[in-house]
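Trainee: Take a look at the following structure, please.
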Amino acid sequence: MVFEKRLLRAEPNLKILSKLWRINWLYVGLICLLAAVGYIALYSAAGGADYPYARPQMMRFAIGFVVMISVALTPLRFLAKLAWPLYGLGIVLLLAVLHMGHVGKGAERWIVIGGIALQPSELMKIGLVLLLATWFHKISWKQMGNPLRLVVPAFLVLVPVVLILKEPNLGTAVIVGCIGASIFFVAGMRLWLILLLVCPIPFAFEFIYSHLHDYQKARITTFLHPESDPLGAGYNIIQSKIALGSGGMWGQGFLHGTQAQLNFLPEKQTDFIFTMLSEEWGFVGGACIIGLLLLIIIGGMIFAIRSKNQFGRLLALGLTMNFFFYCAVNLSMVMGAIPVGGVPLPMVSYGGSAMLTVMFGFGLLLSVQVHKDSTFGMEKKTED
């Protein structure tokens, strides 16, 4: 046995092959299937052409796939060391967006570096999950009962939320806050403290509403009464509902969706891409896509449960909740269940920053699965 361990250390290639064998390739297959759905959707969004959306998206996926597998083979101990640098880089880029960001649809959400448009809020979500997982790994469940122990991590969540709100990007800011709250809860934050923090929110709604931007207020008004301005603020959601309904049970057929192909449906390559798919593939097609998303989410939760170290559990949970909130907000938005917030559907909607960061997140998730038996090498602090 000792000789075998020495041999394993002497042959790093064998170790890499062993890790490749441990990767859950069924889960990788689900990710590839979702990317294929995205390719078909973007091909249709361009009117039956692979340019300008589908081909660039697949090139990004190919790069992201290499990144995903490379990260999956990386030890958790090394990934934990990236937490502070990645978080710090995200903060710097968010600050840069406020001063020199690219303006789009009334908000500064992108920054151009070397000719490449980046959305720092996407990177920030991954950095925050890594940092919170590293932080709470060192704190015992008993220590989590002390509110003073939560001041620093709460501040770490609050800083990016405020910076993202200033872009302004309300949808992503809410997602970042929900991700942080999920990790706090699973790490052992007491229920009474959660209720104490959540209860004042409804009473503060009037204050929050008064500080929203005009277009954000219009989204809330449109959500409540979309028919009040059918050709203005209510146009997007009305067209989305028409497209969803016109799909029926089996859809109008590939490349035959009237609302999408006649360009009545806005932002069909990004925010409303699920609507376009449902119009062409119907209720059955839309349900299959939602089922695929659920399988990916359930797989991530299983990876979290099976991890034998707290860092891996929190990391997998945070990344899975990030994907879940992304999907839930987009699907609810296009169905008219919540106000339109400009949140795309991951792996399906067109977008470079979102694609690469989501693939990096899947790589971290697979690393937790590959190294699920690892003790991680970070001992928790003794209980008070």
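First residue of the sequence shown: 631, per the working numbering; consecutive thereafter. Note that the Cβ used here is the ideal one computed from N, Cα and C, for glycine as well. Note that the structure is a prediction, hence the values are computed from the model and not measured.
Would you mind listing the alpha helix (DSSP H) stretches within the stretch 662-719 that are 4+ residues and don't spill past its ends, in chain order?
Mentor: 684-702 and 706-711
Trainee: Could you give the distance in angstroms between the alpha-carbon of L638 and the alpha-carbon of L703?
Mentor: Walking along the sequence shown from the start, residue 638 turns up at place 8. Walking along the sequence shown from the start, residue 703 turns up at place 73. Confidence at L638 is low in this model, with a pLDDT of 37, below 50, so its placement is unreliable and the value that follows should be read with caution. Approximately 16 Å, taken between the alpha carbons.
Trainee: By alpha-carbon positions, which one of R849, S751 and W771 ends up nearest to V789?
Mentor: The residue you call residue 789 lines up with position 159 of the sequence shown. Taking each of R849, S751 and W771 in turn and checking the Cα distance to V789, the smallest one comes out for S751.
Trainee: Check S997 in the structure and name its three-state DSSP category.
Mentor: For this step, residue 997 is matched to residue 367 along the sequence shown. Residue state, collapsed to three classes: helix.
Trainee: Taking N952 as the reference, give the member of G807, I867, D1003 and M819 with the closest Cα.
Mentor: The residue you call residue 952 lines up with position 322 of the sequence shown. For N952, the closest C-alpha among the options G807, I867, D1003 and M819 is that of G807.
Trainee: On the premise that V701 lies in contact with S937, defined as a C-beta separation below 8 Å, what is that separation, rounded to the nearest angstrom?
Mentor: For this step, residue 937 is matched to residue 307 along the sequence shown. For this step, residue 701 is matched to residue 71 along the sequence shown. By a beta-carbon distance limit of 8 Å, S937 does not contact V701. Their separation comes to about 16 Å.
Trainee: Using a Cβ distance threshold of 8 Å, determine whether the stretch 645-655 contacts the stretch 907-920, with at least three qualifying pairs required.
Mentor: no
Trainee: Count the other CB atoms, across all protein chains shown, that sit within 10 Å of the CB of H1001; report buried if there are 16 or more and exposed otherwise.
Mentor: As a working mapping, residue 1001 is identified with position 371 in the sequence shown. Under this definition H1001 is a buried residue.
Trainee: Relative to the alpha-carbon of G877, which residue among A890, Y865, I721 and G862 has its alpha-carbon at the smallest distance?
Mentor: Locating residue 877 in the sequence shown gives position 247, where the first residue counts as 1. Measuring from the Cα of G877, the nearest candidate turns out to be A890.
Trainee: Do V895 and S870 have their CB atoms nearer than 8 Å?
Mentor: Here residue 895 refers to the residue found at position 265 of the sequence shown. Here residue 870 refers to the residue found at position 240 of the sequence shown. Rather than Val, the amino acid found at residue 895 in this sequence is Leu. It is a contact, given that the beta carbons lie within the stated cut-off.
Trainee: For V914, which of helix, strand or coil comes out of DSSP?
Mentor: By 1-based counting over the sequence shown, the position of residue 914 is 284. Three-state result, V914: helix.
Trainee: Distance, Cα to Cα, P819 vs L949?
Mentor: Start at 1 with the first residue of the sequence shown, and residue 819 comes out as number 189. Start at 1 with the first residue of the sequence shown, and residue 949 comes out as number 319. The sequence shown places Met at residue 819, not Pro. Taking the CA atoms as reference points, M819 sits about 19 Å from L949.
Trainee: W765: buried (16+ other C-beta within 10 angstroms of its C-beta) or exposed?
Mentor: Working through the sequence shown from its first residue, we reach residue 765 at position 135. Burial call: buried.
Trainee: Look at the Cβ atom of L761, then the Cβ atom of L786, and state whether they are nearer than 8 Å.
Mentor: To locate residue 761, count along the sequence shown from 1; it is residue 131. To locate residue 786, count along the sequence shown from 1; it is residue 156. A contact, by the Cβ cut-off of 8 Å.
Trainee: For S908 and T987, I'd like the C-alpha separation in whole angstroms.
Mentor: Translated into the one-based positions of the sequence shown, residue 908 becomes position 278. Translated into the one-based positions of the sequence shown, residue 987 becomes position 357. Distance between the alpha carbons of S908 and T987 is about 26 Å.
Trainee: Does DSSP put E634 in a helix, in a strand, or in coil?
Mentor: Translated into positions along the sequence shown, residue 634 becomes position 4. Unreliable positioning characterises E634 in this predicted model, as indicated by a pLDDT of 36, which lies under 50. The coordinate reading is nonetheless provided below. Under the three-state reduction of DSSP output, E634 falls in the helix class.
Trainee: Between I794 and G875, what straight-line distance do the alpha-carbon atoms span, to the nearest angstrom?
Mentor: Working through the sequence shown from its first residue, we reach residue 794 at position 164. Working through the sequence shown from its first residue, we reach residue 875 at position 245. The alpha-carbon atoms of I794 and G875 are separated by roughly 34 Å.
Trainee: Identify the residues that DSSP records as bridge partners of I932: which are they?
Mentor: Locating residue 932 in the sequence shown gives position 302, counting from the first residue. None, per the DSSP bridge assignment.
Trainee: By alpha-carbon positions, which one of V727, N776, I809 and G775 ends up nearest to I756?
Mentor: The residue you call residue 756 lines up with position 126 of the sequence shown. When each option's Cα is compared against that of I756, the closest is I809.
Trainee: If you run the structure through DSSP and keep just helix, strand and coil, what is V791?
Mentor: As a position in the sequence shown, residue 791 is number 161, starting the count at 1. Helix, per DSSP.
Trainee: Exposed or buried, which one is K1010 when buried takes at least 16 other CB atoms within 10 Å?
Mentor: Numbered from 1 along the sequence shown, position 380 holds the residue referred to as residue 1010. Since pLDDT at K1010 reaches only 46, below the 50 mark, its modelled position is unreliable, and the value read off the structure follows with that caveat. By the neighbour-count rule (16 or more Cβ atoms within 10 Å), K1010 is not buried but exposed.
Trainee: Can you tell me which of the three DSSP states I646 falls into?
Mentor: Taking the first residue of the sequence shown as 1, we reach residue 646 at position 16. I646 falls in the helix class under three-state DSSP.
Trainee: V667 and V978 look like a contact to me (Cβ under 8 Å); what is the Cβ gap, rounded to whole Å?
Mentor: The sequence position of residue 667 within the sequence shown is 37, counting from 1. The sequence position of residue 978 within the sequence shown is 348, counting from 1. Between V978 and V667 the Cβ distance is about 6 Å, and since that is below 8 Å, they are a contact.
Trainee: In chain order, what are the residue ranges of uninterrupted alpha helix (DSSP H) at least 4 long that sit wholly in the stretch 882-915?
Mentor: 888-891
Trainee: How about F904 and L800: do their beta carbons lie closer than 8 Å?
Mentor: Here residue 904 refers to the residue found at position 274 when the sequence shown is read from its first residue. Here residue 800 refers to the residue found at position 170 when the sequence shown is read from its first residue. No; because the gap between Cβ atoms is not below 8 Å, this pair is not in contact.
Trainee: Less than 8 Å between the beta carbons of L994 and C957, yes or no?
Mentor: Within the sequence shown, numbered from 1, the residue matching residue 994 stands at position 364. Within the sequence shown, numbered from 1, the residue matching residue 957 stands at position 327. If you check the CB distance, L994 and C957 do not come in under 8 Å.
Trainee: Spell out the partners DSSP gives A946 in its beta bridges.
Mentor: The residue you call residue 946 lines up with position 316 of the sequence shown. DSSP, once it has assigned bridges, lists no residue as partnering A946.
Trainee: On the DSSP bridge assignment, give the partners of A1048 in chain order.
Mentor: No information on residue 1048 is available, as it lies outside the stretch 631 to 1014 that the chain covers here.
Trainee: For S983, collect the residues of the same chain with a Cβ closer than 6 Å to its Cβ; drop the 5 residues on either side in sequence, then sort them by chain order.
Mentor: Within the sequence shown, residue 983 is the residue found at index 353, counting from 1. L748, Q749 and E752, listed in sequence order.
Trainee: Quick one: what's got a C-beta closer than 7 Å to I824's C-beta in the same chain, skipping five residues either side?
Mentor: Position 194 of the sequence shown, counted from the first residue, corresponds to residue 824. Around I824, the same chain offers F815 as residues with beta carbons nearer than 7 Å, after the five sequence neighbours per side are excluded.
Trainee: Find out if the Cβ-Cβ distance for the pair Y673, A679 is shorter than 8 Å.
Mentor: To locate residue 673, count along the sequence shown from 1; it is residue 43. To locate residue 679, count along the sequence shown from 1; it is residue 49. Cβ distance < 8 Å, so Y673 and A679 count as in contact.
Trainee: Three-state secondary structure (DSSP) at C808?
Mentor: Position 178 of the sequence shown, counted from the start, is the residue given in the question as residue 808. In the structure shown, C808 sits in a helix (DSSP, three-state: H, G or I).
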